[in-house]
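Okay, so here's the structure we're looking at.
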Amino acid sequence: MSRAIKFIRPRTIQLFQTLTGTMGKRGKKGGNHNRGGKGGGSWGEDVKQENQALEKYYKAVGIVPEEEWETFWATLKVVLPTTFRVTGSRTTAQDLNTIIKEQHVPILTGLEFEGKAVDPPKQLPWYPGGLGWQFNVSKSVLRKTPEYKKFHNFLVYETDVGNISRQEAVSMIPPLLLDVQPHHNVIDMCAAPGSKTAQLLEALHANDTALETSFPKGLLIANDSDYKRSHMLVHQSARLPSPALMVTNLDASSYPRIYTSPTSGKLLFDRILCDVPCSGDGTVRKNMGIWKSWTGMNGNGLHGLQLRILVRAMHMLTPGGRLVYSTCSMNPVENEAVVAAALTKFPDFELVDVSNSLPELKRRPGMSSWRPPINREMDKFFDTYAEFIDSLPAKQRGETKLVETQWPPANAAELNLERCLRIYPHLQDSGAFFVAVLEKKPKMPGTTSSMATKRTADLAIDPSDSSTEVNASKRQKTTEQPGDDPDPTTLAVENSPTAKTGKGSSFKELPYTFLSDGSEHLEQCLNDLKIKPSFPSANLFVRNPDGEVLRQIYLCNDAVRSVLAHNDYARLRLINAGVRVFTRQETGPRNEDVKGGRNKFRFLVEGTPAVLPHVDESRILLGDMETLRVLTRLYYPICQEFASPLRESLSGLEVGSYLMKFEPDSHGTPNIGMKHPLVVPIWKSATSVSLMLDKKAKSALSLRLWGEDITPVSAKKNTAPAKPPAQSVDEGDHGSEEALGDADAEGDDEIAEQDDTVTEPVV
0 MSRAIKFIRP RTIQLFQTLT GTMGKRGKKG GNHNRGGKGG GSWGEDVKQE NQALEKYYKA
60 VGIVPEEEWE TFWATLKVVL PTTFRVTGSR TTAQDLNTII KEQHVPILTG LEFEGKAVDP
120 PKQLPWYPGG LGWQFNVSKS VLRKTPEYKK FHNFLVYETD VGNISRQEAV SMIPPLLLDV
180 QPHHNVIDMC AAPGSKTAQL LEALHANDTA LETSFPKGLL IANDSDYKRS HMLVHQSARL
240 PSPALMVTNL DASSYPRIYT SPTSGKLLFD RILCDVPCSG DGTVRKNMGI WKSWTGMNGN
300 GLHGLQLRIL VRAMHMLTPG GRLVYSTCSM NPVENEAVVA AALTKFPDFE LVDVSNSLPE
360 LKRRPGMSSW RPPINREMDK FFDTYAEFID SLPAKQRGET KLVETQWPPA NAAELNLERC
420 LRIYPHLQDS GAFFVAVLEK KPKMPGTTSS MATKRTADLA IDPSDSSTEV NASKRQKTTE
480 QPGDDPDPTT LAVENSPTAK TGKGSSFKEL PYTFLSDGSE HLEQCLNDLK IKPSFPSANL
540 FVRNPDGEVL RQIYLCNDAV RSVLAHNDYA RLRLINAGVR VFTRQETGPR NEDVKGGRNK
600 FRFLVEGTPA VLPHVDESRI LLGDMETLRV LTRLYYPICQ EFASPLRESL SGLEVGSYLM
660 KFEPDSHGTP NIGMKHPLVV PIWKSATSVS LMLDKKAKSA LSLRLWGEDI TPVSAKKNTA
720 PAKPPAQSVD EGDHGSEEAL GDADAEGDDE IAEQDDTVTE PVV
């Protein structure tokens with residue numbers, strides 16, 4: 000066991016590190032997922048795995064039965080296994096699952112390393128469809144065992160293209176219990192780094208087919224208050240491109256109203272995920288820093304922020320809607336205390352009994368009694384807030400940072416807090432997690448906005464309380480409660496392009512401008528690529544104030560369009576929306592590939608599933624598996640590389656962008672891991688053809704289809720002379736697909752740990 004601890008977080012699986020970060024979402028305003036405690040720490044460091052305060056507090060609170068304490072405490076000191084899931088909305092999901100079960104697991108079964116048995120990957124029994132997996136091997140096994148090294152490469156490449164998501168097991172639970180459907184309007188209040196957002200996107204796209212992306216009626220807003228990490232959301236969601244996604248950079252505790260028309264009311268959400276900032280002690284198995292830094296004051300200081308985020312979410316939920324509140328903390332002050340305080344003030348909400356959901360998931364009920372820590376020594380506790388106040392000298396009673404909502408309310412027994420879920424590490428070899436599922440009852444006659452205002456006022460936190468870590472510039476205006484309709488003059492100011500948000504700085508992202516029907520470039524694009532009239536071209540937009548097609552063209556669904564059309568993007572601090580579908584090729588009159596130097600447009604791989612149903616058949620070429628092998632093996636194979644009749648067809652085509660469709664080859668190579676058709680964009684030059692996938696996407700495809708990486712090591716090994724036309728770079732584009740691997744700059748250490756490339760997913 001100690002040997003396993005020694006090898007946690009190896010560099011060889013850097014790309015496969017947890018997408019949930021390195022710790023809880025500590026101490027930042029609504030959505031800043033700063034997962035790192037003081038001193039950080041990893042399993043490779045010599046850190047003493049003891050914390051008397053943590054041990055004393057959780058023993059005193061009784062979070063587990065006494066007879067389980069030793070097992071619970073010992074499990075906290077054992078490294079977490081690696082867990083991942085196959086993305087459920089992809090048509091390749093079951094194919095990949097079959098490859099793992101039938102090709103990799105048998106090879107990895109019965110292995111020994113240095114005389115000891117190595118366990119093969121196993122499925123998480125509670126994850127729907129058997130798409131969740133777990134394995135626990137050391138760095139040496141991954142590096143020195145050929146079978147595991149091959150499996151590791153398979154996982155890394157499939158993760159890069161979005162077919163597999165590395166995520167801690169307990170982190171997968173909240174999105175599953177949210178029960179998202181394609182018609183739902185959904186918001187992830189504190190979304191970075193994006194693992195749960197990816198699950199929500201998968202649920203929203205449950206109706207995707209083998210080749211085509213569905214256009215869900217609903218939308219998903221992924222929000223985070225940290226600017227860098229909101230861009231990380233864009234990076235992660237690029238692996239699951241969706242016309243229904245928006246990314247915002249706002250304080251979750253004062254999230255603004257969203258409008259869908261000039262006259263109607265605000266947008267209410269059917270599903271809301273509040274995975275709030277927390278002290279993160281549930282991640283102690285992967286965070287050595289917690290052993291050194293944990294104090295009970297961490298949870299006390301975050302309680303107010305957590306409550307404000309939950310209250311704001313309650314105002315944003317539609318009657319009959321569902322809200323999930325979750326943390327990676329075991330502290331009841333951050334969990335049941337927050338839920339109880341909100342339920343006490345909002346009787347139109349109730350906890351949902353989800354005991355029949357995920358039936359094989361081992362869980363414990365929520366707590367209805369607890370005592371918050373009042374000092375770092377953990378040597379004194381009080382059953383009620385009144386008892387605590389009475390114990391203080393008169394002069395100190397007005398100075399305490401503790402608040403009444405940190406204790407159980409008098410009506411705790413009536414709130415059904417046992418319906419909350421507590422997941423402990425020793426139950427199923429996981430991290431610790433807390434989940435509460437709430438639903439809003441249908442609206443009752445006679446409910447008024449003034450009642451909502453009063454409830455919000457009752458829950459207001461004292462601005463002078465530094466424990467809530469609130470920046471006054473971000474605090475919601477006291478004259479405008481979340482449940483009220485805004486004053487028209489206030490709204491006009493908020494919607495102005497110069498509106499300032501955050502810490503007094505202007506928002507500097509590019510605007511979103513829909514293309515008009517008479518746009519010359521739009522008509523040229525649709526004509527060049529043979530797009531049918533059925534295509535929803537009214538939902539195409541660009542990222543510049545003039546509405547000119549400088550480079551990229553984006554597509555959104557109707558729900559996202561209504562938000563973009565009726566809200567100022569700066570007020571929403573909108574970072575990203577929709578999916579890229581087309582891009583313009585920059586060419587000059589001297590470029591012999593394009594006669595007359597006329598600009599042309601091409602398909603983008605992430606937008607292909609959304610565009611495919613509307614592409615004329617004349618723009619779709621047919622290829623076999625040998626054709627795909629040639630395109631994968633060479634960067635720019637000349638047309639003569641291909642067999643007849645494709646060779647003649649390619650030679651006769653004009654320069655431009657096409658789609659190529661590959662059917663599963665019934666007479667092809669055995670064990671080909673392809674059971675569904677595949678459609679990918681290609682670029683036809685004067686004498687050659689290029690598969691428009693980046694290197695990692697090609698490698699993932701190669702490993703899945705042929706069990707080996709047949710892609711070229713470098714472009715120098717190719718002999719074809721022609722390449723796609725040169726491309727200018729603007730609007731944040733990174734050049735050709737082959738260059739994408741080096742285009743995404745690393746941010747801080749946390750972001751760099753997740754992934755160092757932006758890749759284009761295999762369609």
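By the count of numbering that gives the first Met the number 0, the sequence shown reaches residue 762 at its end, each step adding exactly one.
Here a beta-carbon is modelled for each residue, glycine too, at the ideal position from N, C-alpha and C.
- If the five residues before and after LEU426 are omitted, its C-beta is found closer than 6 Å to the C-beta atoms of LYS361, all from its own chain and listed in chain order.
- Relative to the Cα of ILE373, the nearest Cα in the group THR108, THR710, PHE381 belongs to PHE381.
- Residues GLY29, ARG307, ILE308, ARG311 of the same chain have their beta carbon placed closer than 6 Å to that of SER252, with the five preceding and five following residues left out of the count.
- Distance check between PRO636 and each of VAL604, TRP682, GLU653 places TRP682 closest, using alpha-carbon atoms only.
- Checking the DSSP bridge columns, you'll see THR582 partnered with GLN551, ARG601.
- Judged by beta-carbon spacing, LEU239 lies beyond the 8 Å limit of LEU272, meaning their Cβ atoms are not closer than that value.
- Listed in chain order, the non-local C-beta contacts of LEU554 below 7 Å within the same chain comprise PRO242, ASN538, LEU539, GLY577, VAL578, VAL580, GLY606, ALA609, local neighbours out to five positions each way being set aside.
- For SER229, the enclosing alpha helix (DSSP H) begins and ends at 226-236.
- Counting the other CB atoms within 10 Å of its CB gives SER617 a total below 16, which places it among the exposed residues.
- Here SER325 is not near PRO424, since their CB atoms are 8 Å or more apart.
- A distance of 8 Å or more separates the beta carbons of GLN133 and MET171.
- Following the DSSP letters along the chain, one finds GLU519 inside the alpha helix (DSSP H) bounded by residues 519-527.
- By the C-beta density criterion, SER656 is buried, having at least 16 other C-beta atoms within 10 angstroms.
- Between LEU322 and LEU437, the gap from beta carbon to beta carbon is short of 8 Å.
- Assigned with DSSP and collapsed to three states, ARG628 falls in helix.
- The shortest CA-to-CA distance from GLN93 to any of SER701, LYS674, THR512 is the one to LYS674.
- Here LEU267 has THR317 as same chain residues with Cβ atoms under 6 Å from its own Cβ, once five neighbours each way along the sequence are excluded.
- Here PRO124 has GLU359 as same chain residues with Cβ atoms under 7 Å from its own Cβ, once five neighbours each way along the sequence are excluded.
- By the C-beta criterion, the region 257-264 is judged not to be in contact with the region 50-58, since fewer than 3 inter-stretch pairs fall below 8 Å.
- DSSP places LYS265 in the strand class (E or B) of the three-state scheme.
- Straight-line measurement puts the Cα of ILE422 at about 14 Å from the Cα of VAL353.
- For the set SER164, ASN206, GLU413, the Cα lying nearest the Cα of THR196 is the one of SER164.
- Take the alpha-carbon of LYS100 and the one of ASN162: they are about 16 Å apart.
- In the pairwise beta carbon analysis, the region 363-377 is classified as touching the region 398-409: at least three pairs are separated by under 8 Å.
- Here SER648 has LEU620 as same chain residues with Cβ atoms under 8 Å from its own Cβ, once five neighbours each way along the sequence are excluded.
- For ALA558, the enclosing alpha helix (DSSP H) covers residues 557-565.
- The beta-carbon separation of VAL140 and PRO120, rounded to 12 Å, does not stay under the 8 Å limit for a contact.
- Contact check between the region 691-703 and the region 149-159: three or more CB pairs, one atom from each, fall below 8 Å, which counts as touching.
- In the three-state reduction of the DSSP assignment, PHE432 falls in the strand class, which pools E and B.
- DSSP places PRO318 inside the beta strand (DSSP E), whose first and last residues are 316-326.
- Per DSSP, THR82 is one residue of the beta strand (DSSP E) stretching across 81-85.
- DSSP places VAL688 in the strand class (E or B) of the three-state scheme.
- Pairing LYS694 with MET313, the inter-Cα distance amounts to about 45 Å.
- Of all alpha-carbon atoms in ASN556, THR91, SER518, LYS529, the one lying nearest the alpha-carbon of PRO535 is that of ASN556.
- As computed with DSSP, ILE186 is found in a beta bridge with ILE220, ILE271.
- The three-state secondary structure of GLU111, taken from DSSP, is strand.
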